[in-house]
Structures are given as C-alpha cells and as structure tokens.
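Down below is the structure, laid out as structure tokens.
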Amino acid sequence: APSNISAWWNFGSLLGVCLILQILTGLFLAMHYTSDTATAFSSVTHICRDVNYGWIIRYMHANGASMFFICLFLHVGRGLYYGSYVFMETWNIGIVLLFATMATAFMGYVLPWGQMSFWGATVITNLLSAIPYIGTDLVEWIWGGFSV
218 APSNISAWWN
228 FGSLLGVCLI
238 LQILTGLFLA
248 MHYTSDTATA
258 FSSVTHICRD
268 VNYGWIIRYM
278 HANGASMFFI
288 CLFLHVGRGL
298 YYGSYVFMET
308 WNIGIVLLFA
318 TMATAFMGYV
328 LPWGQMSFWG
338 ATVITNLLSA
348 IPYIGTDLVE
358 WIWGGFSV
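Under our numbering, the residues of the sequence shown are numbered 218 to 365, in order.
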C-alpha cells in the first residue's frame, strides 16, 4: 500500500454512504410530504406524529445532512492538506459539486417552511441583491414577486 494512505482517505466513501442514507430517508419522507406553502409545515408535523417511525426517519435525514457536510468538509480539508488541488480538472469538478451540494442543502432547509425556513430563504436569497446592477431584479425574479 502507498505510504501516504491514512484514515483521511475514507471520507470520500463515507460521503457515498451518507448520500445513500439521505436519498433513502428523503424518499420515505417524500411519501407523506405536501409541497404547498400552506400545508408543508403541518405535513412535516404529521410525519413526526402520525406516521409509524416517521420521527426517526426525519431525524435520520436531518442528522444525516449534518454528517454529510462534516464528511464533505473533512474531504475538502484532506484535499487541501495533501495538495489535491494540483489536479485542476478533478479539483474544479469537486468545487462545482460542493456548490451544488450547498444549493441542494439550502433547498432541503427551506422545504419544511417553518419560521426558520422562511427567514433562511429570505436572508440567503437577499445575498444575491449585492450583485451590481442586476441583484435586486434577480432576487425579485427568484422570489416570484416582492417578497418570499
């Protein structure tokens, strides 16, 4: 085995395990989720209270997202430490995947549509208003109107 192989090289595989867990629990949660803004939060409450083992599936999904990002940041940190950024094509694909993952996680954060979701969506989308010339129009287009 190569001399630089250590436990730090396991985080890519752990990301795959976390992703599979997220997909499976997300599919089970989607079976009872309602995407209407008026009923989204109550459907999440319904999953936790009325669906058999729904509470544990939801908490596995929520904590799985945290574990995914812990593994992701350790994976990126390992890449920085060992100089993996030298391989530009691979590194750039990884950075694109990092931003796509962050966008996906933001969407998952907004889905329950509670107070934290609403204000999270408001604050994060308002960050785009800092873009010169088109920022405010872009935010209004994303919101579909004047406010979230």
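Just so you know, even glycine gets a beta-carbon here, dropped at the ideal spot from N, CA and C.
With respect to the 8 Å criterion, Gly281 and Gln239 are classified as neighbours on the basis of their beta carbons.
In the structure shown, the three-state DSSP call for Val234 is helix. Note that the C-beta distance between Leu232 and Phe304 is not below 8 Å. Between Ser259 and Tyr250, the gap from beta carbon to beta carbon reaches 8 Å or more. Burial state of Thr242 is buried, judged by a 10 Å Cβ sphere holding 16 or more other Cβ atoms. Around the Cβ of Val313, a 10 Å sphere holds fewer than 16 other Cβ atoms; the residue is exposed. If you draw a straight line from the Cα of Trp336 to the Cα of Thr254, it is about 14 Å long. In the structure shown, Asp253 falls within a coil segment according to DSSP collapsed to helix, strand and coil. Where Ala279 is concerned, the enclosing alpha helix (DSSP H) starts and stops at Gly271 to Tyr298. The three-state reading of DSSP puts Trp360 in helix, counting H, G and I together. Between Val327 and Ala338 the beta-carbon gap is near 5 Å, inside 8 Å, which marks them as a contact.
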